Amino acid sequence: MKIWSISSGSKGNDVQLEAVGQALSDDVTFFHANLSLPWRAFAPYKPAEFGVVKDARFRPPFPDMVIACGRRAVPIARFIKRRSEGKCFTVFLQNPKIDPKEFDFVWAPEHDGVTGDNVMTTILGPHGLTSESVQNEALKWRGRLIKPDMKVKCVGVLIGGPNKFFDFNKDDMQNLAANLLSLAQQGHRLVISLSSRSRDDYADILKETLSGHDYYLWDRTGDNPYRAILGLADHLIVTGDSVNMVGEACFTGAPVQVYFLQGHSRRFNRFYKLLLAQDYVRPFEGNLESWANEARNSTDDIVAKIRDAYLVHQCA
-18 MKIWSISSGS KGNDVQLEAV GQALSDDVTF FHANLSLPWR AFAPYKPAEF
32 GVVKDARFRP PFPDMVIACG RRAVPIARFI KRRSEGKCFT VFLQNPKIDP
82 KEFDFVWAPE HDGVTGDNVM TTILGPHGLT SESVQNEALK WRGRLIKPDM
132 KVKCVGVLIG GPNKFFDFNK DDMQNLAANL LSLAQQGHRL VISLSSRSRD
182 DYADILKETL SGHDYYLWDR TGDNPYRAIL GLADHLIVTG DSVNMVGEAC
232 FTGAPVQVYF LQGHSRRFNR FYKLLLAQDY VRPFEGNLES WANEARNSTD
282 DIVAKIRDAY LVHQCA
């Protein structure tokens, strides 16, 4: 099956598209939706399709399936569906902000409140993690991240960065570092990973605060131990700026605590309200909490539903 995956361009969109596309087919072509002005301003609405007409990338022969994610990808998926006379099966990931019936299948996070006969919702989103990939990375990194005969808990700390909802400024980072210092003073081994969105001063703040204590910090130089941390940590602490990162932490089955940031987003608030109500996560305020968590993975269910809907479409 030939698939075109089309992203608005954000890292979060890319991660979900790659996870779903690669699970469905070995023949996936990835695009970023580079709509020019003024057409990008109209996305996701129909006038934006005029901006797709001149894009030579989106010409026949069309693929068997298009998977789109993000506002600017909406008009491209609609354009291909119309030009293929409905033969190309169209999937949208996330809230399309238009009638879901414009697509053959829509997956949306439960906190977005999207409904429809062709809509599937889950609390957590799709990701590209597998047990095998996490275990392999854990084996590769164990000697560097875990000390021999270590009897204290390994605490994985996943740190994101600023986005349009959260400033994640110096004060936020200093407060997080102070809370992590409390864990280090209790004797816990801290294994910390920054992300591509992390500010440059985060590493300096962590190094200064945790000086003299037992920790490992990946400061975005060299190979990234992100998956290894997921596989090795007894506890995980995740900053609350990334829905995807929190979802990936929940995949592990380890207790997950979220460091909530200053800022406001009704969408993020709804997401965390669901997670807290289901005891998927708990807040991090300087102390570790232990409870019987379980590994959670929506990716397989989402992929199976898409595959079933595609087969029905092919038989119609």
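Following this note's numbering, the numbering of the sequence shown begins with -18 at its first residue and continues without gaps. From the three backbone atoms N, C-alpha and C, an ideal C-beta is built for every residue, glycine too. Here the structure is a predicted model, which is why all the values come from computation and not from measurement.
Residue range of the alpha helix (DSSP H) that includes residue i
{"i": "L187", "result": "182 to 191"}
{"i": "C296", "result": "280 to 296"}
{"i": "S299", "result": "No answer is possible for residue 299: the residues shown for the chain start at -18 and end at 297."}
{"i": "R208", "result": "207 to 213"}
{"i": "Q259", "result": "Counting along the chain, Q259 falls outside any alpha helix (DSSP H), and DSSP gives it neither H nor E."}
Sequence-distant residues of its chain with Cβ nearer than 6 angstroms to residue i (five each side left out)
{"i": "T71", "result": "V47, A58, K62, F84, D85"}
{"i": "I210", "result": "G137, V172, S174"}
{"i": "A49", "result": "I(-13), A58, F73"}
{"i": "K286", "result": "M101"}
N- and C-terminal bounds of the beta strand (DSSP E) containing residue i
{"i": "T103", "result": "100 to 103"}
{"i": "C231", "result": "It is not in any beta strand (DSSP E) - C231 instead sits in the alpha helix (DSSP H) that spans 224 to 231."}
{"i": "R170", "result": "170 to 174"}
{"i": "F84", "result": "Counting along the chain, F84 falls outside any beta strand (DSSP E), and DSSP gives it neither H nor E."}
{"i": "D8", "result": "8 to 13"}
{"i": "Q238", "result": "237 to 240"}
{"i": "L198", "result": "196 to 199"}
Presumed contact (8 angstroms Cβ cut-off) between residue i and residue j, rounded CB distance
{"i": "A165", "j": "L157", "result": "With 8 angstroms as the limit, A165 and L157 do not qualify as a contact, their Cβ atoms being about 13 angstroms apart."}
{"i": "Q(-3)", "j": "L74", "result": "5 angstroms"}
{"i": "R52", "j": "A22", "result": "At roughly 11 angstroms, the Cβ-Cβ gap does not stay under 8 angstroms, so R52 and A22 are not in contact."}
Contacts around residue i, its chain only, beta-carbon distance under 7 angstroms, and the 5 residues preceding and following it disregarded
{"i": "A159", "result": "T190"}
{"i": "D200", "result": "L175, A184"}
{"i": "H385", "result": "Since the displayed the chain opens at -18 and closes at 297, residue 385 lies outside it and no answer follows."}
{"i": "Y291", "result": "M46, F70"}
{"i": "R277", "result": "L105, C231, F232, Y261"}
Among the options, nearest to residue i - alpha-carbon criterion
{"i": "M118", "options": "Q238, A214, H13", "result": "Going by the sequence as given, residue 118 is Glu instead of Met. Nearest option by C-alpha distance: A214."}
{"i": "I104", "options": "D98, S271, W88", "result": "W88"}
{"i": "G244", "options": "K134, S(-11), G142, D98", "result": "G142"}
{"i": "S271", "options": "S279, H108, N278, V262", "result": "V262"}
{"i": "Q45", "options": "P56, S6, K78, A22", "result": "Sequence check: residue 45 is Asp here, not Gln. Measuring from the Cα of D45, the nearest candidate turns out to be S6."}
{"i": "K132", "options": "C50, A22, D195", "result": "D195"}
{"i": "A14", "options": "E(-1), P56, F146, P81", "result": "P56"}
{"i": "I140", "options": "R180, T111, M101, S163", "result": "R180"}
{"i": "S279", "options": "D153, S65, N225, F147", "result": "N225"}
{"i": "S223", "options": "G212, P42, L242", "result": "L242"}
{"i": "D153", "options": "N205, K128, I186, L126", "result": "I186"}
DSSP bridge partner residues for residue i (one or two, in chain order)
{"i": "C50", "result": "S(-12), L74"}
{"i": "L139", "result": "S174, V219"}
{"i": "G244", "result": "F147"}
Own chain residues within Cβ distance below 8 angstroms of residue i, not counting five before or after
{"i": "A284", "result": "One detail in the question is off: residue 284 reads as Val in this sequence, not Ala. The answer, listed in chain order, is V1, A4, L5, P107."}
{"i": "A37", "result": "none"}
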